[in-house]
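This report concerns only the one structure given below.
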Amino acid sequence: MPDDKPVRIGILGAARIVHGALVAPAHEVPGVRVAAIAARDQDRAKTYATKHKVPQVHPTYEALLADPEIDAVYIPLPAALHAQWTLAAIKAGKHVLCEKPFTSNAESASRVASGAANSDRVVMEAYHTHYHPLHRRLREIVASGEIGQIHSAEASFCIPIPPGRDIRWNLALGGGGLLDVGYYPVRALTSLFGDTPEVEHSTAWTRGQIDRRMEATLHFGNGVRGEIVSSIWSRQPLKMMLSIQGDAGRIRVTSPYHPHKGGRIHIRGLQGQRIERTSRKPTYNYQLEAFRDSIQHRTEVETNCVAALRQLQTLDTLYNAAGLEPRP
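For the sequence shown, counting from 1, position 84 maps to 171 in this note's numbering; every step adds exactly one.
Have a look at this one:
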């Protein structure tokens, strides 16, 4: 039977992403309530709770997981901590919305997938981009044949994050550009053309063991060649692009990874040229609705453990091909 009681969510960690990814959407998505927060620094948790009107502050993550009034947890911790606390949440009987990347490597993702398979809890990767209508529409256009037989695609995500204390420069916490911004272009192409591509080559520009830039070529089973670029510090400071080339036309997507911020699909194909606009509703709202529905109505989770594991397997392969170890 459907359970329409509000889903009471606790937050593990007072990370910057929490407000945009969960707190703000929870004000707009019915049937969801942010009920508690815990952080390593309790004073920081108290400050966050006061600012964002979170009613309960727990002294530790363990205390929050033990709270019988919490139905689910959101995990925005550094990637290297995702597996540990997702498994702990499952053991505590909580549903889990774990920020992407699901874990820092495929071995950890496999352990979490096994734990989730032995539970009746919803375990969902918070890959918000997937849930926006723009990407469903993009899959429809690709499948329609409007640009003919597709032979290649390019996807890039480059932003400037100067070396320093940011966790993306901390190897032990799962740092590196590919696991952060690079996650998006890889996932965009695998969602369109198949989630087990072959890696032709992968080249990394590094600072220590951190990949500050990576370029790679993927081959998909349907013959599509995919080019990936990600960077957090390079001569190309800012680029967010997705394009798909067929023998009868081309698709170019603006703002492909945060499509609510002016996303457009530019199409030149057998039906001529046009621009399709999309919803301005935040990707995070769509994601939270999907999480709520999966708990209340047992709907299928699309960004599930299996999909996350396949993504991490591809990322590990890209690291290996570039001469780097997967993230710890």
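Backbone N, C-alpha and C fix where the C-beta goes; we use that ideal spot for every residue, glycine too.
- One alpha carbon belongs to I124, the other to G100, and they sit about 7 Å apart.
- Shown here for G313: same chain residues with a beta carbon closer than 8 Å to its own, the five before and five after excluded, namely S239, A240, E241, A242, L276, F280, P284, T304, L305, H306 and F307 in chain order.
- In the structure shown, the three-state DSSP call for S381 is helix.
- Uninterrupted beta strand (DSSP E) stretches at least 3 residues long and entirely within the segment 134-182 occur at 159-162, given in chain order.
- Annotation: I228 is outside any beta strand (DSSP E); the continuous alpha helix (DSSP H) that includes it extends over P220 to S231.
- In this structure Q129 is exposed. Its beta-carbon is surrounded by fewer than 16 other beta-carbon atoms within 10 angstroms.
- With contacts defined by Cβ atoms closer than 8 Å, H217 and S278 form a contacting pair.
- By the C-beta criterion, the segment 177-195 is judged to be in contact with the segment 390-404, since at least 3 inter-stretch pairs fall below 8 Å.
- Sixteen is the threshold: when 16 or more other Cβ atoms of the shown chains lie within 10 Å of the Cβ of D267, as they do, the residue is buried.
- N372 places its beta carbon less than 8 Å from that of E115.
- The beta carbon of V340 sits closer than 6 Å to the beta carbons of L329 and I352 from its chain, once the five residues preceding and following it are set aside; these are given in chain order.
- Burial state of A203 is buried, judged by a 10 Å Cβ sphere holding 16 or more other Cβ atoms.
- For R322, there is no enclosing beta strand (DSSP E), as DSSP marks it with neither H nor E.
- Annotated as proximal: D298 and A291, with beta-carbon spacing under 8 Å.
- By the Cβ neighbour-count rule, S201 is exposed, with fewer than 16 other Cβ atoms within 10 Å of its own.
- Excluding the 5 residues flanking it on each side, P220 has same chain C-beta neighbours closer than 7 Å at T365 and S366, in chain order.
- Put simply, the backbone Cα of T293 is about 26 Å away from that of P343.
- The shortest CA-to-CA distance from C185 to any of P413, L375 and S231 is the one to L375.
- A direct Cα-Cα distance of roughly 6 Å separates M301 from V316.
- Look at E314 here: in three-state DSSP terms it is strand.
- In the same chain as G336, and ignoring 5 residues on each side of it, the C-beta atoms closer than 6 Å to its own belong to I234, R355 and G356, in chain order.
- When the beta-carbon positions are compared, C245 and P324 come within less than 8 Å of each other.
- If you look at D128, you'll find it isn't in any alpha helix (DSSP H); DSSP assigns it neither H nor E.
- For F280, the enclosing alpha helix (DSSP H) starts and ends at Y270 to F280.
- For I338, the closest alpha carbon among the candidates G232, G180, E412 and H345 is that of G232.
- Cβ-Cβ distances below 6 Å link I382 to V94, H182 and V209 in the same chain, with the five nearest sequence neighbours on each side left out; the list follows chain order.
- When beta bridges are read from the DSSP output, A303 appears opposite S289 and I315.
- In the structure shown, T341 falls within a strand segment according to DSSP collapsed to helix, strand and coil.
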